[in-house]
Structure formats: structure tokens, C-alpha cells
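Here the structure is laid out as C-alpha cells; the discussion comes afterwards.
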Amino acid sequence: MRRIATPAPPTGLRRLAFRLPVLLFRARLGRLFGGRLMLLTHIGRVSGKPRQVVIEAIEHDPVTGGHIGPSGYGTRSDWYRNVLRNPEVVVQLGARPRPMTAEPLSPAEGARLMARYGRRHPRLARRLARFMGFAVDGGTADYEEVGRLIAFVRFVPRRPSEGSPR
0 MRRIATPAPP TGLRRLAFRL PVLLFRARLG RLFGGRLMLL THIGRVSGKP
50 RQVVIEAIEH DPVTGGHIGP SGYGTRSDWY RNVLRNPEVV VQLGARPRPM
100 TAEPLSPAEG ARLMARYGRR HPRLARRLAR FMGFAVDGGT ADYEEVGRLI
150 AFVRFVPRRP SEGSPR
């Protein structure tokens, strides 16, 4: 594994293209993504206002109903920094929003997760690594190294009595 670039958040037309999935979720067309993407509604750490972003759902826990997503721009991502400040979020896959709590994963957990993802989805894992600025050879050790460097978040369902973003 080697770092080939440090991705910068999108600007201009690229930012608009990245926002398109948010608009599709708002139009109740989230099912078009087949459970691969999730709409995350969180509270801005500075503004205190609701914010939305679409991230990849790279793993699902059928027992708890939780999901795990990567921060494509690492710990610099606004959504990542926002959920660290206020972990009470709403996650939507398809048409159903669900209140959840965001829990950052440790680098060791990220390494195991990325190695699993690489075995299950070799082409997608290679693309995900490249998007995040890494060149990988497809081996477990490479994916583990990438997983230690990527910020992953587990979203765990909350009980109905717990709070949710405004």
C-alpha cells in the first residue's frame, strides 16, 4: 500500500455531483442505491443546524441493524467532525429513516473491517482505496494498512425514547 494522493473535498461541479444523491434521497428515491449508500442527517458542530451527506454503507450488522461507513476525506470531513461532537444522527437506507448513534471505530477495527471488505468486494475495495488516495495490491496486508488510516464510523440504532437531530 502506498499513498498516491490526499483527496481534497469536492468543489464546483464535482461538489454538485456529490450532492445529487442527497437530492435523490430527499425525493424518496434512496432505494435506487440498493442499500449501498445511506443518507446521514447530523447536526453541524458550529451552526447547530441539521446537515445531510450520503456515504457508502460498507457493512451491515443484521443482528443489531447497524451500519458502518467510511469518511472519504478522513478526519477532515465535516460530517465526521460533526458526529464526533454530536453522535445522535438519523440514517436512511432506502425510504426509512432510523435514529442512530455514531461510534468511531479504532484503527485496529478499521484494519479488520477493510480486510473483510477487500475479500468480499475486491473491485469496490480497490476503488474505495483509490478514491481515498491509496494504491493497493489487493492483498489483505494492504487493505489492513488502508483500514488503519481511514476513519470509519459505526451507526448503531437507538431506542425510540432516545433523542434525534433537530
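Note that the sequence shown ends on residue 165 in numbering that gives the first Met the number 0; no numbers are left out. We put the CB at the ideal spot given by N, CA and C, even for glycine.
| Taking the continuous beta strand (DSSP E) assigned at residue 27, which residues delimit it? | As a position in the sequence shown, residue 27 is number 28, starting the count at 1. From DSSP, residue 27 is part of no beta strand (DSSP E); its letter is neither H nor E.
| request: Within its chain, find whatever has a CB closer than 8 Å to the CB of residue 115; leave out the 5 residues flanking it on each side and keep chain order. | output: Counting from one through the sequence shown, the residue named residue 115 turns up at place 116. Same-chain partners within the cutoff: 58.
| query | Do you know how far the Cα of residue 102 is from the Cα of residue 80? | reply | Residue numbering aside, residue 80 sits at position 81 when the sequence shown is read from its first letter. Residue numbering aside, residue 102 sits at position 103 when the sequence shown is read from its first letter. Going from the Cα of residue 80 to the Cα of residue 102 covers about 12 Å.
| In this structure, what does DSSP give as the bridge partners for residue 170? | In the structure as shown, the chain begins at 0 and stops at 165. Residue 170 is therefore absent and cannot be evaluated.
| Using DSSP with H/G/I as helix, E/B as strand and the rest coil, what is residue 98? | By 1-based counting over the sequence shown, the position of residue 98 is 99. Strand.
| field | Proximity below 9 Å, CB of residue 49 to CB of residue 32 | value | Numbered from 1 along the sequence shown, position 50 holds the residue referred to as residue 49. Numbered from 1 along the sequence shown, position 33 holds the residue referred to as residue 32. Result no, Cβ atoms of residue 49 and residue 32 do not sit closer than 9 Å.
| In or out: residue 146 buried (at least 16 other Cβ within 10 Å) or exposed? | Residue numbering aside, residue 146 sits at position 147 when the sequence shown is read from its first letter. Residue 146 comes out buried.
| When we look at the beta-carbon of residue 13 and count the other beta-carbons within 10 Å, is it buried (16 or more) or exposed? | Start at 1 with the first residue of the sequence shown, and residue 13 comes out as number 14. Its Cβ having fewer than 16 others within 10 Å, residue 13 is exposed.
| task | Output the boundary residues of the alpha helix (DSSP H) element that contains residue 4. | result | Stepping through the sequence shown from its first residue, residue 4 is reached at position 5. Looking at the DSSP string, residue 4 is not in any alpha helix (DSSP H), and its letter there is neither H nor E.
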